[in-house]
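Just so we're aligned, residue 677 is where the sequence shown starts under this note's numbering, counting upward by one.
Notes follow the structure.
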Amino acid sequence: MSSNNELFNKLEGQQIKFSKGQKKLSNYIVNNYDKAAFMTAAKLGDKVGVSESTVVRFAMALGYEGYPDFQKDLGELVRNKLNSIQRMEVTYGRISQGDILKSVLTSDINKIKQTMEHIDKEAFETAVETILTGRKIYVIGLRSCAPLASFLGFYLNLVCENVVMVNTNSGSEIFEQLIRISKEDVIIGISFPRYSMRTLKALEFASTRNAKVITLTDSVHSPITMYSSCNLIGRSDMISVVDSLVAPLSIVNALVVALCMKKQDEVVKTLEELEDIWDEYQVYNKEELNRVSEQFELNSGDNKDAK
């Protein structure tokens, strides 16, 4: 897969070799890559005024095996280049108001299927073993990835003894929390487009301390994978103001379940202790359940009287 600059360089550098139709395609893509990324070869050809076969030959002339590979690079370009306003504009062009619910749910389903088909199972098992053998487990995720990090950290705390949720209020604060990280420790970094520079710097710092780095991201070409030898890839390329994080959350769920299966006895013991603590300190309000039951009995009694 080409980087964004490489793709533009190809389009610009080969202009002199392109046929008339290919030049029209190149010019359209450079100026409208956000739209072209979601067009079939036939639709792109129709838009530009060339045949579908011309579009396919154009992709192959750029060094791709076919149009799907070229379109994949365009998708990467869109994810990394578009700001929030541009992403919203693309969404408006792709989804009608009446199809929002179905379109979003269908897209989420597809992302999970694609993730399941392509995820590296060996990397997943390596991540599980790495977490289990780590002295201390650090978890970092910023902005839209913060809920994923928080969810993972919450459940890791039930499985592992030393889990640190890296507070991300400021860049300097991140390094203060990572100051003692070492080769015996593990850091899990979560980042999806637009990638967080603070997460990247945190993983870079952990790498210099020889800590084991695990990443959860959208592509092996994600910048945070530079510092990791264990990458969990979850598809998240819904182009809108809100990225789909359903597939990454499924990976987090699978990671937690796998860890629990590896440490069943310890997890059961921890949960038993927690249940006692929750009961003693009334963490969960049972009265609400009783009220529902009482209301049901009251309504049932009223119905009997009415008869």
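Idealized CB from N, CA, C, for every residue including glycine.
Quick caveat: nothing in here was measured; it's all calculated off a predicted structure.
Q: Let me know the secondary structure DSSP gives Ile857 once reduced to three states.
A: As a working mapping, residue 857 is identified with position 181 in the sequence shown. If DSSP states are grouped into helix, strand and coil, Ile857 belongs with coil.
Q. Tell me, which residues are paired with Asn707 by DSSP?
A. Taking the first residue of the sequence shown as 1, we reach residue 707 at position 31. Partner(s): none; Asn707 has no beta bridge.
Q: Return the Cβ separation of Val815 and Leu832 in integer angstroms, given the expectation that the two are a contact with Cβ distance under 8 Å.
A: As a first step, residue 815 must be located in the sequence shown, where it is residue number 139. As a first step, residue 832 must be located in the sequence shown, where it is residue number 156. Rounded to the nearest angstrom, the Cβ distance from Val815 to Leu832 is 7 Å, consistent with a contact under 8 Å.
Q | Euclidean distance between Cα positions of Lys859 and Pro899 | A | As a working mapping, residue 859 is identified with position 183 in the sequence shown. As a working mapping, residue 899 is identified with position 223 in the sequence shown. If you take the alpha carbons of Lys859 and Pro899, they lie about 22 Å apart.
**Q.** Rounded straight-line distance, which links the Cα of Glu752 to that of Arg870
**A.** Here residue 870 is taken as the residue at index 194 of the sequence shown, counted from 1. Here residue 752 is taken as the residue at index 76 of the sequence shown, counted from 1. Cα-Cα distance, rounded: 11 Å.
Q: Measure the C-alpha to C-alpha separation of Gln690 and Asp745 and round it to an integer number of angstroms.
A: Along the sequence shown, read from residue 1 onward, the residue named residue 690 stands at position 14. Along the sequence shown, read from residue 1 onward, the residue named residue 745 stands at position 69. Distance between the alpha carbons of Gln690 and Asp745 is about 18 Å.
Q: Could you spell out where the alpha helix (DSSP H) holding Gly937 opens and where it closes?
A: Position 261 of the sequence shown, counting from 1, holds the residue named residue 937. The residue asked about is misnamed: residue 937 is Met in this sequence, not Gly. Met937: member of the alpha helix (DSSP H) spanning Val922 to Lys938, first to last residue.
Q: Return the chain-ordered ranges of every alpha helix (DSSP H) run that is complete within the region 781 to 809 and spans a minimum of 4 residues.
A: Listed in chain order, they are 797 to 809.
(Q) Considering only the alpha carbon of each residue, which of Ser895, Asp894 and Thr901 lies closest to Ala882? (A) Here residue 882 refers to the residue found at position 206 when the sequence shown is read from its first residue. Minimum Cα distance to Ala882 is reached at Thr901.
Q) Between the region 711 to 722 and the region 861 to 868, do at least 3 Cβ pairs fall closer than 8 Å? A) With the cut-off at 8 Å, the region 711 to 722 and the region 861 to 868 do not touch.
Q: Apply the 10 Å Cβ neighbour rule to Ile855 and answer buried if 16 or more other Cβ atoms are within range, or exposed otherwise.
A: Counting from one through the sequence shown, the residue named residue 855 turns up at place 179. Only exposed fits Ile855, as fewer than 16 other CB atoms lie within 10 angstroms of its CB.
Q) So what does Thr891 bridge to, in DSSP terms? A) Position 215 of the sequence shown, counting from 1, holds the residue named residue 891. Looking at the DSSP output, Thr891 sits in a beta bridge with Gly865 and Asn907.
(Q) On the DSSP bridge list, what partners appear for Met841? (A) Position 165 of the sequence shown, counted from the start, is the residue given in the question as residue 841. Partner residues in the beta bridge of Met841, as assigned by DSSP, are Val815.
Q.
Please identify the residue among Cys821, Phe694 and Asp894 whose C-alpha is closest to the C-alpha of Thr875.
A. As a working note, residue 875 is residue 199 in the sequence shown. Of the listed residues, the one whose Cα sits closest to Thr875 is Cys821.
Q. Beta-carbon separation of Gly910 and Thr730 under 7 Å?
A. As a first step, residue 910 is located in the sequence shown; it is residue number 234 there, counting from the start. As a first step, residue 730 is located in the sequence shown; it is residue number 54 there, counting from the start. Taking 7 Å as the Cβ cut-off, Gly910 and Thr730 do not qualify as a contacting pair.
(Q) Looking only at its chain, what residues have a beta carbon closer than 8 Å to the beta carbon of Leu947, apart from the 5 residues adjacent to it on each side? (A) In the sequence shown, counting from the first residue as 1, residue 947 sits at position 271. Correct list, in chain order: Leu834.
Q. Would a C-beta distance cut-off of 7 Å place Asn907 and Thr891 closer than the cut-off?
A. Taking the first residue of the sequence shown as position 1, residue 907 is located at position 231. Taking the first residue of the sequence shown as position 1, residue 891 is located at position 215. For Asn907 and Thr891, yes; Cβs fall inside 7 Å.
Q: Output the distance between the C-alpha atoms of Glu956 and Phe830, rounded to the nearest integer angstrom.
A: The count along the sequence shown starts at 1 and reaches residue 956 at position 280. The count along the sequence shown starts at 1 and reaches residue 830 at position 154. Going from the Cα of Glu956 to the Cα of Phe830 covers about 21 Å.
Q) Assuming Val928 contacts Lys787 under a Cβ cut-off of 8 Å, what Cβ separation, rounded to an integer in Å, is found between them? A) Counted from its first residue, the sequence shown places residue 928 at position 252. Counted from its first residue, the sequence shown places residue 787 at position 111. Not quite, the Cβ-Cβ distance comes to about 14 Å (not below 8 Å), so this is no contact.
Q: Excluding the 5 residues preceding and the 5 following Lys938 in the sequence, name in chain order all residues of the same chain whose CB lies nearer than 7 Å to its CB.
A: In the sequence shown, counting from the first residue as 1, residue 938 sits at position 262. Excluding residues within five positions, the ones whose Cβ falls inside 7 Å are Val804 and Leu808.
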